[in-house]
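The block underneath contains the structure these notes are about, expressed in structure tokens.
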Amino acid sequence: MAYVRGHALDYERWAEESGCSDWSYRHVLPYYRKLQRHSGEPSPYRGKDGPLAVGRRRTEVVRAINDAFVEAGVQAGYPHTEDMNGFQQEGFGPMDMTVDEKGARASTANCYLWPLLRPQTDEDRQAAERLTVATSGAVRRLLFDGSRAVGVEAEDAGGSVQQYFADAEVVLCAGAVGSPQLLMLSGIGDPDELREHGIDAWHALPDVGKNLQDHLEFYIQYLAKHTSLYPYAATFGGFGGLSRYLFRRPWNAVTSGAAWFLLGKGMSATNHFEVGGFIRSAPGKRHPDVQYHFIPGCVVGQLDFLPEHGYQAHCGTMRPTSRGTVKLASADPRAAPLIDPNFLATEEDIVDQRNAFKRTVEIMRQPAFEPFVLRPFSPDEAFDTSDDAAIDAWIRAHSHSGYHLSCTNAMGRVVDGQGKVIGFEGLR
Ligand SMILES: Cc1cc2nc3c(=O)[nH]c(=O)nc-3n(C[C@H](O)[C@H](O)[C@H](O)COP(=O)(O)OP(=O)(O)OC[C@H]3O[C@@H](n4cnc5c(N)ncnc54)[C@H](O)[C@@H]3O)c2cc1C
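Okay, structure coming up:
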């Protein structure tokens, strides 16, 4: 996955707005360094010995067009940055990714859990004795003794319900949807909303599930005249377009799979976000509020690529002011909660996205892309990129979640700066 830290001023703002001074940049940077094992040059911003592998990959076949994106950003007037997670986020340059030295994804499970399940050191062996991993079933609610959290109640895949008790603390880490859901199922939240579902609202924390934030993103896509960009692009047209989906150079998939298994290299050992950028959508923004991931292919929906050769800037604003909600649909723990991202609910967000769209089109029209560009794909050639109303409508029709849901148990309102739920002991 893409490894992207916040801007230093984001952490300063969090600390100021939430009153949690431990989250200022100078407090969080040592932890970022401690958890990281960066394969690049040492720097004051990088860790070298942590469990989380972070590095960079450059796929040769798409190096030229990736470089063209960085060059286009510079031609449009933005700086080059060699490390957007270091001193200077703003600008265009290479991106970090959580891929390890062997080309495997450095996920939380790979970095923290698997070493304990196959312990190699005495320290890991001791820790492993205290660890049990249960992968089936789900937690239904938290258990309390007064204001102290003492455990959880869980249902396994077969439907049997068990209670598990904690010696020290319950750490609730079920994500931005599951964590507020479990608090609400346990009677902690907005009393009026909980009563609607017949839940005994015994501890009022009205901000549980409120304040949902996410990144709204869109793709600006071009078809390319270059024919070596996307190794899985169709070999020929015909059969009413069906062949574009059928003949996708399967031998490239086989060779890239083999290169990954045998050498930890190649197309399967990268997340394909090898270059990107950060800019400000308009003058007056204190620090960058627009992020780019560049891909040498055109993504269709969320899961597929267009069979033609193409490229896209994946763009989104990063500090939306709209706030959504996670609410219970029912008191049944198995029922999915209701997620309302409430995107583009403020004029500021609409203007920021529109400016981000315009800046992106300017970048994608720079001379650096001349060797590659065939024609605009989305929006297409007929689209009037100076028409604000058309841009706003296009953004509403073509944007999607960046899957960065957060803030539903907000610091300063639901949890304190240490992540402890306000008003409770033993619950983080
Ligand atoms: C498609 C996609 C691409 C992404 N790409 C990137 C990227 O490139 N870079 C990046 O930094 N971020 C990326 N993200 C975002 C990133 O994955 C999340 O921000 C991150 O995983 C959040 O971590 P978390 O621990 O808070 O929650 P999660 O990772 O969601 O973990 C919560 C866990 O709790 C479990 N759970 C929930 N409810 C219960 C329950 N009742 N009982 C038991 N278990 C429960 C869930 O099954 C889940 O395993 C991406 C997300 C998606 C979906």
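Residue numbers (full-length UniProt numbering): 1 to 428.
Glycine included, each C-beta is placed from N, C-alpha and C at the ideal position.
Residues in the same chain with beta-carbon distance under 7 Å from residue i, minus the five sequence neighbours each way, listed in chain order, please.
i	result
Gly86	Ser43 and Tyr45
Ala393	none
Asp289	Arg280, Ser281, Thr317, Met318, Arg319 and Asp352
Gln221	Cys298, Gly310, Gln312, Phe377 and Ser378
Tyr112	Pro51
Val414	Leu205, Asp207, Val208, Val421 and Ile422
Gln36	Arg46, Gly47, Gly50, Leu52 and Val54
Arg5	Tyr32 and Asn85
Can you name, in chain order, every residue of its own chain whose Cβ lies under 6 Å from the Cβ of residue i, other than the five neighbours on each side?
i	result
Ala269	Gly103 and Trp260
Pro15	The sequence given here has Ala at residue 15, not Pro. Around Ala15: Ser21, Trp23 and Ser24.
Phe69	Val275 and Phe294
Gly91	Tyr78, Pro79, His80 and Thr81
Gly19	Gly412
Gly324	Leu212, Asp340, Pro341 and Asn342
Ala390	Asp384
Residues bridged to residue i by DSSP?
i	result
Gln291	Phe278 and Gly316
Thr59	According to DSSP, which records beta bridges pairwise, Thr59 is partnered with nothing at all.
Arg223	Here residue 223 turns out to be Leu, not Arg, going by the sequence shown. DSSP output for Leu223 lists Gly310 and Arg375 as bridge partner(s).
Leu212	Gly324
His272	Paired residue(s): none; His272 is not in a bridge.
Ser24	Ser24 is not bridged to any residue.
Tyr340	This sequence places Asp at residue 340; Tyr is not what is there. Note: Asp340 sits in a beta bridge opposite Thr325.
Val99	Arg105
Tyr164	Val152
Gln36	Leu52
Phe305	Val299
Phe144	Ala149
Val170	Leu427
Val415	Met411 and Val421
Gly264	Answer is none; Gly264 lacks a bridge partner.
Val139	Ala154
Out of the options, point me to the one whose CA is closest to residue i's CA.
i	options	result
Ser406	Asp380, Gln353 and Val326	Val326
Phe273	Phe69, Gly73, Met84 and Met95	Met95
Arg89	Glu41, Glu153 and Tyr292	For the record, residue 89 in the displayed sequence is Gln; it is not Arg. The option with the nearest alpha carbon to Gln89 is Tyr292.
residue 483	Gly146, Glu155 and Met364	Since the first and last residues shown for the chain are 1 and 428, residue 483 lies out of range.
His27	Phe424, Ile422 and Gln418	Gln418
Thr360	Leu212, Ser147, Gly73 and Glu308	Gly73
Tyr11	Trp202, Gly316, His287 and His197	His287
Gln162	Ser136, Glu129 and Cys173	Ser136
Ile422	Ala109, Gly93, Gly189 and Gln36	Gly189
Ala157	Ala138, Thr408 and Phe424	Ala138
Ser147	Leu216, Ile395 and Gly187	Gly187
Ser256	His7, Glu60, Gly40 and Pro30	Glu60
Ile395	Asn271, Ala410, Met84 and Lys358	Lys358
Gly175	Phe424, Thr121 and Asn409	Asn409
Ala168	Ile199, Ala368, Arg130 and Gly198	Arg130
Glu41	Pro115, His7, Asp83 and Glu123	Asp83
Glu71	Glu362, Leu374, Asp200 and Ala356	Glu362
Ser386	Thr121, Ser39, Ala134 and Ala356	Ala356
Thr132	Phe305, Thr121 and Leu116	Leu116
Asp67	Ile391, Val177 and Glu370	Glu370
His398	Met1, Ala154, Asp380 and Asp124	Asp380
Pro30	Ala368, Ala154 and Ala8	Ala8
Asp416	Glu17, Phe305 and Gly264	Glu17
Taking residue i and residue j to be in contact with their CB atoms under 8 Å, please state how far apart those CB atoms are, rounded to whole angstroms.
i	j	result
Gln181	Pro337	5 Å
Arg354	Asp388	6 Å
Tyr219	Ser378	7 Å
Ala224	Phe372	5 Å
Leu185	Leu427	Wrong, their Cβ atoms sit about 14 Å apart, outside the cutoff.
Gly316	His215	5 Å
Gly47	Arg57	Contact flag wrong, Cβ pair sits at about 19 Å.
Gly209	Ala331	So it is not a contact: roughly 14 Å between Cβ atoms.
Ala128	Pro119	5 Å
Arg140	Pro333	4 Å
Gln75	Gln302	The Cβ separation is near 31 Å, so there is no contact.
residue 446	Phe424	Because the chain is modelled from 1 through 428, residue 446 falls outside the range shown and cannot be assessed.
Thr271	Ala64	Thr is not the amino acid found at residue 271; the sequence shown has Asn there. Contact doesn't hold; Cβ gap of about 19 Å is too wide.
Glu217	His314	6 Å
Which same chain residues end up closer than 8 Å to residue i when comparing Cβ atoms and leaving out the 5 residues on each side of it in sequence?
i	result
Ala329	Ala335, Ala336, Pro337 and Leu338
Gly151	Leu142, Leu143, Gln163, Tyr164, Phe165, Ala166 and Val170
Lys420	Leu427 and Arg428
Ser179	Leu172, Cys173, Thr408 and Asn409
Q) Can we say the region 89-102 touches the region 45-55, given the rule of at least three CB pairs closer than 8 Å? A) yes
Q: Please confirm if the region 340-354 is in contact with the region 304-322, defined as three or more CB-CB distances below 8 Å between the two stretches.
A: yes
Q. Does the pairing of the region 301-312 with the region 185-205 give three or more beta-carbon distances under 8 Å?
A. no
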